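Colleague:
Residue numbers (this note's numbering): -5 to 478.
(1) Beta-carbon within less than 6 Å of residue 419's beta-carbon, same chain only, minus the 5 sequence neighbours each way: which residues are those?
(2) Beta-carbon within less than 7 Å of residue 296's beta-carbon, same chain only, minus the 5 sequence neighbours each way: which residues are those?
(3) Straight-line CA distance for residue 10 to residue 302?
(4) With DSSP run on the structure shown, which of helix, strand or coil describes residue 384?
(5) Using only alpha-carbon positions, find the residue among 447, 230 and 215 that is nearest to residue 429.
(6) Going by C-alpha distance, which of 66, 61 and 103 is nearest residue 77?
(7) Cβ atoms of residue 210 and residue 242: under 8 Å apart, would you say?
(8) Quick check: the Cα distance between residue 177 and residue 410, rounded to an integer number of angstroms?
(9) For the alpha helix (DSSP H) that contains residue 485, what are its first and last residues?
(10) Helix, strand or coil for residue 376 per DSSP?
(11) For residue 351, count neighbouring C-beta atoms within 10 Å of its own C-beta (all shown protein chains included) and say buried if the count is 16 or more, exposed if not.
(12) Measuring straight from C-alpha to C-alpha, what distance separates residue 238 and residue 47?
(13) Given a cut-off of 8 Å on the beta-carbon distance, is the pair residue 314 and residue 437 in contact?
(14) Just verifying my parser: in three-state terms, what is the DSSP assignment at residue 110?
(15) How long is the line joining the alpha carbons of residue 45 and residue 332, rounded to whole angstroms?
(16) Can you tell me the Cα-Cα spacing of residue 328 and residue 393, whole angstroms?
(17) Going by alpha carbons, who is nearest to residue 192 out of 183, 75, 346 and 204?
(18) Pick helix, strand or coil for residue 285, following the three-state DSSP scheme.
(19) List, from N- to C-terminal side, the alpha helix (DSSP H) runs of 4 residues or more that fit wholly inside the stretch 244 to 325.
(20) Can residue 455 and residue 401 be called in contact, C-beta distance under 8 Å?
(21) What's the C-alpha gap between residue 126 and residue 206?
(22) Run through DSSP, which three-state label would residue 151 get?
(23) On the DSSP letters alone, give me the boundaries of the alpha helix (DSSP H) that residue 3 sits inside.
(24) Would you decide whether residue 363 is buried or exposed? Buried here means 16 or more other CB atoms lie within 10 Å of its CB.
(25) I'd like to confirm something about residue 308: is its beta-carbon nearer than 7 Å to some heavy atom of the ligand NAP, or not?
(26) Can you find a CB in chain D that lies within less than 8 Å of the CB of residue 450?
(27) Would you identify the three-state DSSP class for residue 94, choosing helix, strand or coil?
(28) May I have the straight-line CA-CA distance separating residue 74 from residue 5, to the nearest angstrom?
(29) Roughly how many angstroms separate the alpha carbons of residue 387 and residue 91, rounded to a whole number?
(30) Among 398, 124, 187 and 372, which has the Cα closest to the Cα of residue 17?
(31) For the stretch 304 to 311 against the stretch 342 to 349, do three or more pairs of beta-carbon atoms, one drawn from each stretch, fall closer than 8 Å, so that the two count as touching?
(32) Flag this pair as yes or no: are the beta carbons of residue 246 and residue 181 separated by less than 8 Å?
Quick look at the structure:
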């Protein structure tokens, strides 16, 4: 039996939290006199009243959350965050239709960064800040935040944490899940503040620095400028963004160990070493081709552009300083393939994640040894520990289902009348929660031209990618609803 009262009470707490996070946008609106404080205030009041009604009207009894409730809470919470998070966009007129508002909100919450806004710089300041805030909320997940600050709910937080972050990593900072969530958010918030300070020192004004700090650490990529970070034409700003995008794509457990001086534990991570050295290798091998085909006379800028685009795509941030689709068709294909990498598990990035690629490559390599020595026991090890067959099977299934969704999703979009390159680009970038793709959704384009059905479909694809497939897909299976 599913405990719907427990789910409803938690949803009430989430909506009250969402309402409180709308308040800073009101302050920015009043300060800049942008005239959008009314829609934000009405949205916050609506969210708070409905949330408080749910939270205080339901009893505290029967609040034990099992795995099934955990998956339902995550799915329903993202739906509610979308429905109430889109209110400021609709009420302010920033988006004119419900599909547009849904797409922009889901893109923010899932930290995808794809947008339907054709002129971002005319959007009122309060709405722009809310647009950045929803990416920051989605960075580590609204559920993890709630588990960290709402212990009064009296629920089994581990079920929520697992459903929100279903990756294969099992590292824990602390045996108590609330303490783990709190420490992750301390790191997340601290690095966000530091990024804002660095962007301000690099030359951004206060408002832009705050917004870009929020979306950089969330690996979201929403910008306050139409040209993204290319607007500033500042190497300093780009290097600051590169540094913090790299950190945001690192497993936050590894970051915590590094920040607390436990460097040996951080360096012990096979995934972190693969993430670091592969980025160095990709940038090294692409810099000269980019220098040659871009026609630049400045080698440093070519290297910087390469580094920026590679890290932006791999970490699924999606900031833009150059249009990689103008270089060469071969380079465009390579940059497109980066959409399928993803950064580290336990980070704010989307995508497949390095740990899955690493497990797949290691297991495939060991399979040759097993063929030669069929009687030998050849275990797969990550971080010096043996990987169980259950985890390997889970990862193989994930990769297969991910590929199937990419192919089937591309077919659906192409059947709606869009060319195959655009269809591939749109589905790949939304499934990986990146933002820019190829075709008509390249780095300097947006998603405004899609029809309403396709926008809703791509929004669903973004949710699938953000919650790593199984959290959503399991709800469509009869086994989930028949479980005891």
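The C-beta atom is built at its ideal place from N, Cα and C for all residues, glycine as well.
Please read these numbers as outputs of a predicted model, since none were measured by experiment.
Modeller: On the basis of the supplied data:
(1) Beyond the five residues adjoining it in sequence on each side, residue 419 comes within less than 6 Å, by CB distance, of 431, 432, 433 and 435 in the same chain, given in chain order.
(2) 281, 284, 285, 288 and 290
(3) 38 Å
(4) It is helical.
(5) 215
(6) It is 103.
(7) Yes; because the gap between Cβ atoms is below 8 Å, this pair is in contact.
(8) 45 Å
(9) What is shown of the chain runs -5 to 478, which leaves residue 485 out entirely.
(10) If DSSP states are grouped into helix, strand and coil, residue 376 belongs with the strands.
(11) Classification for residue 351: buried.
(12) 40 Å
(13) At a Cβ-Cβ threshold of 8 Å, residue 314 and residue 437 count as neighbours.
(14) coil
(15) 40 Å
(16) 19 Å
(17) 204
(18) helix
(19) 246 to 253, 257 to 261, 264 to 287 and 293 to 308
(20) Contact flag unset, no.
(21) 8 Å
(22) Interpretation of residue 151 is limited by its pLDDT of 48, a score under 50 that renders its predicted location unreliable; the figure taken from the coordinates is listed afterwards. DSSP places residue 151 within a helical segment (H, G or I) once states are collapsed to three.
(23) -2 to 26
(24) exposed
(25) In terms of ligand content, the structure shown is empty, and the ligand NAP therefore cannot be addressed.
(26) Judged by its chain identifiers, the structure shown contains no chain D, having just a single protein chain.
(27) helix
(28) Rounded to the nearest angstrom, the two C-alpha atoms are 8 Å apart.
(29) 42 Å
(30) 124
(31) yes
(32) yes
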